[in-house]
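Numbering (my numbering), first residue to last: 1 to 333.
Virtual Cβ for every residue (Gly too), placed ideally from N, Cα, C.
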Amino acid sequence: MKLGLNLGYWQRHPNDATELVRAAERLGYDSVWTAEAYGSDAFTPLAWYGAHTSRIKLGTSVAQLSARPPVTTAMTAMTLDHLTGGRLLLGVGASGPQVVEGWYGQPFARPLARTREYVEIMRKVWRREEPVTGDGPHYPLPLPGGLGKPLKLITHPLRPDIPVYLGAEGPKNVALATEVAQGWLPLFTFPSKIEEMYGDALARRGPGFDIAAMVMVVVSDDVRAALDGVKMMLTLYIGGMGARHRNFHADIMGRMGFAEAAERIQALYLAGRKDEAFQAIPDELADGIALVGPPGRIKERLEPWRASPITSLLVMGPRDEEQLTTVRDLVLG
């Protein structure tokens with residue numbers, strides 16, 4: 001199992017994470033990942049961290065499709081991959097309707113079809129076999145009826161096959177990842193239930209397909225406080241990160257077996273009763289998707305993760321070299 005560090009969104013305060021990333025590289029972490037929503041972008045911090053490191057891989061988890069046309073993401077990925085010596089792992093995802101329609105002002109319809117088209121165009125850009133055209137309905141190239149002509153990337157990519165990962169929660173999107181990408185980035189994973197939830201969707205994955213699961217890790221003797229930290233995060237995602245009738249995070253909790261709780265959490269949160277929504281998060285759910293407690297407890301609870309199809313753990317939570325070392329020793333032995 002490979003080990004990565006997921007930093008999430010870039011934050012100016014208290015400090016940037018450069019020293020943490022350098023420590024992760026020294027300790028043998030395979031990758032570091034950044035995210036975007038409607039704040040910092042995912043690529044700029046990676047360029048900064050890449051300039052201060054030499055070996056650790058650099059991943060986006062995830063770059064939002066609606067933030068950029070596919071050729072723009074392809075150009076950005078090609079440039080960053082060149083500058084960092086071929087270290088980029090390009091995670092992309094459709095996000096959700098609240099962000100896509102509210103922030104980017106674009107329709108959210110047909111996310112699977114858009115994702116397929118998007119990835120196909122990026123691969124055409126990197127391969128440089130011919131001028132890029134697209135005959136799909138979402139990203140037609142050139143624009144029909146205009147003066148544009150098919151163009152070919154000026155710069156030769158360092159790698160014409162930059163690894164693509166899909167951020168996906170629904171089974172159909174996961175199945176698409178096994179078809180068009182090199183990896184899958186699940187945000188919430190209950191390892192003992194992954195086969196039940198996604199077994200059919202993962203059945204056609206090829207050799208080397210990377211299931212890189214994000215997992216909150218809190219090393220602490222206070223298990224109650226650590227679990228409450230996970231529950232605070234879940235309260236926001238289940239309750240507020242999605243529309244009332246279209247919340248993918250609440251849906252995935254339902255498929256994990258917590259549908260009734262997810263419905264209640266969302267209703268309480270949207271009614272402004274956030275403390276009650278927090279209290280409604282089952283401990284079993286928080287404990288199942290995270291790794292919390294003293295080292296001995298975490299080591300024991302790593303076993304379901306090792307027994308699952310997951311091939312990479314992208315840990316969220318460590319904030320200094322001591323914590324990184326503890327997690328490294330627990331996961332890699």
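Excluding the five sequence neighbours on either side, which residues of its own chain have a C-beta within less than 6 Å of the C-beta of residue 241, listed in chain order? In the sequence shown, the residue the question calls residue 241 occupies position 241. Taken in chain order, the residues that qualify are 249.
What is the DSSP secondary structure of residue 27, counted as helix, strand or coil? In the sequence shown, the residue the question calls residue 27 occupies position 27. Of the three classes helix, strand and coil, the one that applies to residue 27 here is coil, per DSSP.
What three-state label does DSSP hand residue 66 in the structure shown? Within the sequence shown, residue 66 is the residue found at index 66, counting from 1. Helix, per DSSP.
Does the count of Cβ pairs from the segment 117–137 and the segment 70–79 closer than 8 Å reach three? yes
The segment 55–63 in contact with the segment 31–43 per 3-pair CB rule at 8 Å: yes
Which whole-angstrom value describes the C-beta separation of residue 274 and residue 235, a residue pair presumed to lie in contact below a C-beta threshold of 8 Å? Mapped onto the sequence shown, residue 274 falls at position 274. Mapped onto the sequence shown, residue 235 falls at position 235. About 7 Å; that satisfies the 8 Å criterion.
In whole angstroms, what is the alpha-carbon distance linking residue 114 and residue 120? Within the sequence shown, numbered from 1, the residue matching residue 114 stands at position 114. Within the sequence shown, numbered from 1, the residue matching residue 120 stands at position 120. One C-alpha to the other measures close to 10 Å.
Can you give me the start and stop residues for the beta strand (DSSP E) that residue 100 sits inside? As a working mapping, residue 100 is identified with position 100 in the sequence shown. Unbroken run through residue 100 is the alpha helix (DSSP H), 97–102; no beta strand (DSSP E).
Element boundaries [beta strand (DSSP E), containing residue 217]: Locating residue 217 in the sequence shown gives position 217, counting from the first residue. Per DSSP, residue 217 belongs to the beta strand (DSSP E) from 210–219.
Determine, using beta carbons only, whether residue 167 and residue 102 come nearer to each other than 8 Å. Within the sequence shown, the letter at position 167 stands for residue 167. Within the sequence shown, the letter at position 102 stands for residue 102. No, these two residues do not count as a Cβ contact at 8 Å.
Could you give the uninterrupted runs of the beta strand (DSSP E) lying entirely in the segment 129–215, keeping only those of 3 residues or more? 164–167 and 183–185
Note down the Cα distance separating residue 186 from residue 19, rounded to an integer number of angstroms. Reading the sequence shown from its first residue, position 186 is the one you call residue 186. Reading the sequence shown from its first residue, position 19 is the one you call residue 19. Rounded to the nearest angstrom, the two C-alpha atoms are 27 Å apart.
Measure the alpha-carbon distance for residue 332 versus residue 299 and round it to whole angstroms. Mapped onto the sequence shown, residue 332 falls at position 332. Mapped onto the sequence shown, residue 299 falls at position 299. Roughly 11 Å between the two C-alpha positions.
Can you tell which of 41, 42, 52 and 44 has its C-alpha closest to the C-alpha of residue 25? Along the sequence shown, read from residue 1 onward, the residue named residue 25 stands at position 25. With distances taken between Cα atoms, residue 25 lies closest to 52.
Is residue 72 helix, strand or coil when you go by DSSP? The count along the sequence shown starts at 1 and reaches residue 72 at position 72. It is helical.
How about residue 132 and residue 91: are their beta carbons less than 8 Å apart? Reading the sequence shown from its first residue, position 132 is the one you call residue 132. Reading the sequence shown from its first residue, position 91 is the one you call residue 91. In this structure, residue 91 does not lie closer than 8 Å to residue 132 by Cβ.
Option in 70, 38, 84 and 222 with minimal Cα separation from residue 46: On the sequence shown, position 46 is the one that residue 46 refers to. It is 84.
When DSSP builds the beta bridges, which residues end up paired with residue 8? Here residue 8 is taken as the residue at index 8 of the sequence shown, counted from 1. 34.
Assuming residue 318 and residue 217 form a contact by the criterion Cβ under 8 Å, report the distance between their Cβ atoms to the nearest whole angstrom. As a working note, residue 318 is residue 318 in the sequence shown. As a working note, residue 217 is residue 217 in the sequence shown. Contact flag correct, Cβ pair sits at about 7 Å.
Can you check the segment 250–317 for any beta strand (DSSP E) of at least 3 residues that lies completely inside it and give the ranges in chain order? 291–293 and 312–316
Quick check on DSSP: helix, strand or coil for residue 337? Since the displayed the chain opens at 1 and closes at 333, residue 337 lies outside it and no answer follows.
When we look at the beta-carbon of residue 191 and count the other beta-carbons within 10 Å, is it buried (16 or more) or exposed? If you number the sequence shown from 1, residue 191 lands on position 191. It is buried - the Cβ of residue 191 has at least 16 other Cβ atoms within 10 Å.
Is DSSP giving residue 59 helix, strand or coil here? For this step, residue 59 is matched to residue 59 along the sequence shown. Strand at residue 59.
Is it buried or exposed for residue 64, if we count other Cβ within 10 angstroms and need 16 for buried? Mapped onto the sequence shown, residue 64 falls at position 64. Result: buried.
On the three-state DSSP scale, how would you describe residue 239? Along the sequence shown, one-based indexing puts residue 239 at 239. Looking at residue 239 - three-state DSSP - the assignment turns out to be helix.
Please report how far the alpha carbon of residue 260 lies from the alpha carbon of residue 98, in whole angstroms. Locating residue 260 in the sequence shown gives position 260, counting from the first residue. Locating residue 98 in the sequence shown gives position 98, counting from the first residue. When rounded, the distance between both Cα atoms is 23 Å.
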